[in-house]
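Residue numbers (mature numbering (1 follows the signal peptide of the UniProt record, and there is no 0)): -19 to -1, 1 to 137.
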Ligand SMILES: *[C@@H]1O[C@H](CO)[C@@H](O)[C@H](O)[C@H]1NC(C)=O
């Protein structure tokens, strides 16, 4: 009954489906975990990312600016860049955190000692120590002000 050609074709389809499955959001979170960082550091809404494994150059596209709640509010830009190394996102661009009513750029996010249960946010004025448990799951990100996103969704 089993048709070898059909089986081969089915296998090919499965391979294609796997390669093109819309799992960018999942894989960036898995990537973070593989680098010793909590997967919930970036929101669910990540559309695309690219990593140059040699240099650590990471680019993450979120599609539109959005707000996520961890310990306070963090604003993600539509494009976030960082140097990804084991346990750290450095030279971070595109992430700001509200602190005492100011929006401060987050320069570094580092987990230097997982056993400590904390993650460090370098926001220039201070290193914030935040509980790692807040970053376990990718947060849902609330759309930020993107001058037109809310008025969008027209067919053309
Ligand atoms: C990232 O950091 C590593 C280690 O500090 C450094 O060797 C590398 O050049 C950096 N890459 C980029 C893209 O800045």
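Where is the CB? At the ideal position from N, CA and C, for every residue including glycine. As the structure is a computational prediction, the values presented were derived from the model and not from experiment.
Exposure of residue i, with buried meaning 16 or more beta-carbon neighbours within 10 Å
| i | result |
| --- | --- |
| residue 82 | exposed |
| residue 21 | buried |
| residue 34 | exposed |
| residue 49 | buried |
| residue 69 | buried |
Euclidean distance between Cα positions of residue i and residue j
| i | j | result |
| --- | --- | --- |
| residue 105 | residue 86 | 8 Å |
| residue 126 | residue 77 | 14 Å |
| residue 47 | residue 62 | 15 Å |
| residue 19 | residue 12 | 10 Å |
| residue 55 | residue 14 | 20 Å |
| residue 109 | residue 98 | 13 Å |
| residue 30 | residue 75 | 14 Å |
| residue 103 | residue 9 | 22 Å |
| residue 91 | residue 111 | 11 Å |
| residue 27 | residue 100 | 21 Å |
| residue 79 | residue 107 | 13 Å |
C-beta contact flag for residue i and residue j at 8 Å
| i | j | result |
| --- | --- | --- |
| residue 39 | residue 119 | no |
| residue 52 | residue 115 | yes |
| residue 65 | residue 89 | no |
| residue 71 | residue 124 | no |
Heavy atom of ligand 1 within 7 Å of residue i beta-carbon
| i | result |
| --- | --- |
| residue 37 | yes |
| residue 71 | yes |
| residue 54 | no |
| residue 66 | yes |
Cβ-Cβ separation, residue j to residue i (assumed contact under 8 Å), whole Å
| i | j | result |
| --- | --- | --- |
| residue 17 | residue 95 | 7 Å |
| residue 121 | residue 25 | 6 Å |
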